[in-house]
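J.:
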Amino acid sequence: MHLAAKQGHVKTVEYLCQHSTDVNQINEDGETSLHLAVMRGHLDVVRSLINASSNPDIADKHGCTALHWALRRHHSAIAIMLLQYGCNIDTVDHVGEAPIHIVSREGLLSMAQTLCAFGCKVEIPNKLGQYPLHLAARSGHMELVRCLCLAGCDVELRNKDGITAEISALAQGFNEMANLLNKLRNVHLREEYISQLIPSTKPISKIKLKMFGHSGVGKSTFIDSLKCGYFVSWFRRSVGSMSPKNTRNKKNDSMSQSVIELNSSGTNNLQFETNYEIYTHGIDVQQLNISGIGEISLWEFSGHEPYYMIYDNFIGNTNCLHLVFFSLSDPYDTQVQQVQFWLSFLQSRIPVHEPLGFGGKSGKAARVALVATHADSSSCHRVSATGEYVSSEATSVLRTMQLKFAKIFDLHETVFVLDAHVVGSPALKALKNYVAHHKNKVTQGLPKSTGFLEGVCSHLSTTWRKSRCCFPVMSWKEFIDLVHSEVNPLAGEEHMKELIQQLQIMGEVVYIACENDDVVVLDPTWLCVTILGFLLSQENLEQSRVTGIYSGDDIQLLYPEADGQKLLKILEAFQLCTECETEGEIEYEFPRFNLVESVEGLWNASQYTVYGGVRLCCQHKYLMTTLFSRLQVNLRRAIKENGDPDCYLYQWYHGSKYSSGLLEGLITFTDDETAYEIKVRGPATLKPECFFFLEDLLTIAEQMFSDVCPGAIMERHYLSCAQLKSHSKNVYAYSPAIIINALVQDGVYSTVTNKITGANETLLNIIFFGAAEVLMFSHRSSLPEIPSLNFQNIALNKPRMPHSLTSPSLALHNQQINMNNQKLSQRRKSLPSTITSPTNNKTQSSPCQILQDFYSKLSQRRESSPAILHDQNPVVVLVSDLHASQLPLLSCQCLCAILDTPDSMGRDWCMLGVLLGMTDKLPKLDPGDNPAFSPTACIMSEWMKRPDTTLGQLLRRLLELERTDAIETLMPTLPLFRVTPVCLKHNFMDLNVNANYD
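Just so we're aligned: 748 in my numbering is position 767 of the sequence shown, and the numbers increase by one with no gaps anywhere.
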């Protein structure tokens, strides 16, 4: 038993435990099997021994229990398991040290917090007379000192030499820690600090109320009505009545069309004109106390189009309320288009959370209500008894939106029809009741308020903002130091994290994740109006440089009272600019200002013979319009991170050319501004390099889109390589459905027909530039033949739900960029999965044998291909062989929306479960009438746990189910393949490849 536990042989240990072996037997060193397993970190063995009733409190010859060894070896997971099992937390060893002494010396903060939570003694000395506080102070573990003090440790304790922890800290040069301990010598002050950090029963005082709508719909007027009293409202009402109700005429009506109308009609030309002379600049943030609502943080998002590109930084958290405004004075079609635009905008910016509810509804769906304004100037019926407006148009708009978004948002069942000038209207009162009610529901699910939070809010409003009014920005460390200095020195890391989350939910501050040091903006209005509101205003856009290139001094002159360099770091974090070098000088490129025209001859016919490309599209085409400059920022970052002198990037308005040695990439915005096109070309001798170069460029674009729009998908439509080579003006793009259909049936050597030229092209040429060597090893060669799926008769042009999956590639130089993007995104969620040999063998083979066969064939292929790298070998896994865990979350959401609803023919989630071989588990997986869980999602989650499930199997089962609607939805959203780096130097059991869902 001891030998098996020492070597980590779980099966052997379990076998011995089942056959009455004494699990508490000790060796000559007094060690049990549990001691040996804990020392070497064998978690599964420890679990088996504990389940077999092994005694964790037996001490070895050194007096150490299993918990002592777990902490000494830093095996935190094992230590927590022992604590949960009920081991003694205060046992001392032969030198008088309890577990709390070990974690204090080693700096194991999380374990110290856990031990204190379990009620361990913190004021016990070891045989050398050292207390845990002294050990932590001597080692410089500031957070651990705070933890011990919060647990009630007396800072005046003296060791056997009569020295306090404060003196120990000073002796080691930890002056900050000594100052903390000196402050805590005041008992009453220490108790006050501790009580501040104890959560109360009171919820936080306010949340954000976010308002969206096009310019001129009445958002600002509505806010003014909320703020003013009844008497003032009569004056405002009179002024509003005397002013012209509609100054637009037929001549300039086209100029006042909404952005979505212009996009849909294809007439949105290159111009920087705002539709109204007066519009909100940026995001107007106000902290108000409104009668009937209480405290609220109002965030009015401008309807001016240039600001849309930054809104993702302030949208995504669902612990708030959303109001979407539209004007009844506009034509009905315009009302529908505008509301649909903003709801789609919100959907794309808010990530989907699990567990999925019935119909695929997000586990944290956003609360949204519609507000119809200008009821007085439209043909609304008014109820004489109550004065309430009734609009059939507004009701129709709501019904239309419910059909599209009922399974996306918590959409309020009524629309508020009002005249924004009137304060005491029934609709405004009803809206206040709605806000107050849902504010209470939101705050009930959040961490409760503390005296610590209230103290920070008080300092923010009274001193901190005023003393830093010119530049209310500080680094995260500076903010922590300020809070410790002026509010509570005992606040630890976890307290600070909770504090900043609460402050952001309340709209008090803005936390910005930067590349190096994160920053905290103490005044959101300064950031959203003074900085961003002016930078992207119509006035500044018209005066900006057409090149978009500015020096640091230029930015300093633009904002003379701000710290120019720190401000530029904030603008870089918002992906508005990026640092670049021009003729040896550091300058900053703002692609949004770039109006330079393309240079002739950038992509003329040349000696290059290998071409390929992708058209990146989105279901909501207008989402692409404002994001191209963000893509250009990321391209500039990529070339900067690469540092290769052979790489060159030239950018112009709606276009970029990225050259890497003999390879060239062209990234452009289509003429109708609905898609991005990425094209790559190179010599015939560099076909594999062309493929990976294209994958790198696609990864940059898809990662950017995923960061900004986690609730939407960017689809890959592959361009005809033959037409690209001939430089045809109108190039045919093969949809994902066509590509997947061909891949599933015949693999990469299948042919597809170009509907423009009528010619046939192979997928190997279209996707992989004709480079068969990049495939390396076909997973399908080790699998039994899967019957072809005949999707030829399936319609592929119906509306599709988006998802947020990016398609990771073997990035040649973008790994660090992706890590930075992950840090900068404050909303993005991921669902990591592992590919565990995506096989479907009919013969029963162990996972080890399957992986051994896989690497054996891969090694043989490697030896026969001299062009293949010997350190890292790319393996392409096609869609039909991808493990089912690669199914994007939003694709699963689409399935839920289709299959959760009972089908008259029984072709719903239940039958799918039967076809997937889940018959025995259906009773347990059925959530019944609980709307919080989707039965389809429950089935898919359980099915994905199997090691041999693939996306190809899922498509085949849906075809057997005759649910072509589900196939139509899934095919455009599935990844066509995965490019995975596999290192052959590692043991085959170490394969653990993560699939990024961003």
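The beta-carbon is built from N, C-alpha and C at its ideal position, and this holds for glycine as well.
Taking all protein chains shown into account, decide if residue 0 is buried (16 or more other Cβ within 10 angstroms of its Cβ) or exposed.
T.: So residue 0 counts as exposed.
J.: Check the C-beta distance from residue 264 over to residue 283 and give it rounded, since I have them as a contact under 8 Å.
T.: With a Cβ gap of about 7 Å, residue 264 and residue 283 count as contacting.
J.: For the alpha helix (DSSP H) that residue 55 lies in, which residues bound it at each end?
T.: Run containing residue 55: none; DSSP gives neither H nor E here.
J.: Would you kindly report the start and end of the unbroken alpha helix (DSSP H) that includes residue 123?
T.: Element bounds for residue 123: 123 to 131.
J.: Comparing C-alpha positions only, which one of 165, 173 and 120 sits nearest to residue 150?
T.: Of the listed residues, the one whose Cα sits closest to residue 150 is 120.
J.: Do you know whose CA, among 14, 98, 273 and 7, lies nearest residue -5's CA?
T.: Minimum Cα distance to residue -5 is reached at 14.
J.: I'd like the list of long-range same chain contacts for residue 662, defined as Cβ closer than 6 Å, with 5 residues on each side in sequence excluded.
T.: Correct list, in chain order: 589, 592 and 645.
J.: Short of 6 Å in beta carbon distance, which residues of its chain neighbour residue 398, apart from the five on each side in sequence? Order them along the chain.
T.: If we look at residue 398 and ignore the five residues flanking it on each side, its Cβ neighbours are 353, 356, 370, 372, 375 and 408.
J.: Could you have a look at residue 584 and say whether DSSP puts it in helix, strand or coil?
T.: Residue state, collapsed to three classes: coil.
J.: Taking contact to mean at least 3 C-beta pairs separated by less than 8 Å, is the region 535 to 547 in contact with the region 599 to 608?
T.: Not touching, per the Cβ criterion.
J.: Is residue 741 helix, strand or coil by DSSP?
T.: Note: residue 741 maps to strand in three-state DSSP.
J.: What residues match up with residue 751 in a beta bridge as DSSP calls it?
T.: DSSP, once it has assigned bridges, lists no residue as partnering residue 751.
J.: Given that a residue counts as buried once 16 or more other Cβ atoms are within 10 Å of its Cβ, and exposed if not, what is residue 980?
T.: This structure leaves residue 980 out entirely; the chain is present only between -18 and 979.
J.: Are the beta-carbon atoms of residue 45 and residue 25 separated by less than 8 Å?
T.: Cβ distance not < 8 Å, so residue 45 and residue 25 don't count as in contact.
J.: Where in the region 859 to 927 do unbroken runs of the alpha helix (DSSP H), each at least 4 residues long, occur, reported from the N-terminal end onward?
T.: Correct list: 870 to 880, 890 to 896, 903 to 906 and 916 to 924.
J.: Once DSSP output is grouped into helix, strand and coil, what is the label at residue 286?
T.: Helix, per DSSP.
J.: Suppose contacts are defined by Cβ-Cβ distances below 8 Å. Is residue 305 in contact with residue 269 by that definition?
T.: Contact: no.
J.: Run through the DSSP bridge pairs and tell me what residue 660 is partnered with.
T.: Note: residue 660 sits in a beta bridge opposite 594 and 647.
J.: Taking just the CA atoms, how far does residue 494 sit from residue -11?
T.: Looking at the two C-alpha atoms, the distance is approximately 42 Å.
J.: Roughly how far, in whole angstroms, is the beta-carbon of residue 396 from the beta-carbon of residue 379, given that I think they are within contact range, below 8 Å?
T.: 5 Å between Cβ atoms; contact.
J.: Give the C-beta separation of residue 892 and residue 942 to the nearest angstrom, bearing in mind that I take them to be a contact with Cβ-Cβ under 8 Å.
T.: The pair is a contact, with the Cβ atoms about 6 Å apart (cut-off 8 Å).
J.: Below 6 Å CB to CB, which residues in the same chain sit around residue 177 once its five sequence neighbours on both sides are set aside?
T.: Correct list, in chain order: 432, 433 and 469.
J.: What do you get for residue 76, buried or exposed, if any count of 16 or more other CB atoms within 10 angstroms of its CB means buried?
T.: Residue 76 comes out exposed.
J.: List the whole-angstrom C-beta distance separating residue 190 from residue 329, where the pair is believed to meet the contact cut-off of C-beta under 8 Å.
T.: In fact, because the Cβ distance is near 21 Å, the residues do not count as touching under 8 Å.
J.: Helix, strand or coil for residue 605? Go by DSSP, reduced to three states.
T.: Here residue 605 sits in coil by DSSP.
J.: Nearest-angstrom Cα distance between residue 55 and residue 109?
T.: So the alpha carbons of these two residues sit roughly 23 Å apart.
J.: When DSSP builds the beta bridges, which residues end up paired with residue 191?
T.: Answer is 280 and 303, bridged to residue 191.
J.: Hey, could you find the ends of the beta strand (DSSP E) residue 700 is sitting in?
T.: Here the beta strand (DSSP E) through residue 700 covers 696 to 700.
J.: Of the choices 192, 184, 295 and 340, whose alpha-carbon is the least far from that of residue 874?
T.: Of the candidates 192, 184, 295 and 340, the one whose C-alpha sits nearest the C-alpha of residue 874 is 340.
J.: Going by CA-CA distance only, name the one from 179, 175, 85 and 553 that's closest to residue 613.
T.: With distances taken between Cα atoms, residue 613 lies closest to 553.
J.: Residue 529 to residue 707, Cα distance in whole Å?
T.: Each residue's Cα considered, the two are about 34 Å apart.
J.: Quick one: is the Cβ of residue 41 within less than 7 Å of any heavy atom of the ligand ZN?
T.: Among the ligands in the structure shown, none appear at all, so the ligand ZN cannot be discussed.
J.: Apply the 10 Å Cβ neighbour rule to residue 798 and answer buried if 16 or more other Cβ atoms are within range, or exposed otherwise.
T.: Residue confidence is low: residue 798 scores 38 on pLDDT, short of 50, so the model does not pin down where it sits. No coordinate-derived value is stated.
J.: Let me know the secondary structure DSSP gives residue 158 once reduced to three states.
T.: Note: residue 158 maps to helix in three-state DSSP.
J.: Which whole-angstrom value describes the C-beta separation of residue 867 and residue 959, a residue pair presumed to lie in contact below a C-beta threshold of 8 Å?
T.: That belief holds up - the Cβ atoms of residue 867 and residue 959 are roughly 7 Å apart, short of 8 Å.
J.: List the whole-angstrom C-beta distance separating residue 913 from residue 426, where the pair is believed to meet the contact cut-off of C-beta under 8 Å.
T.: In fact, because the Cβ distance is near 14 Å, the residues do not count as touching under 8 Å.
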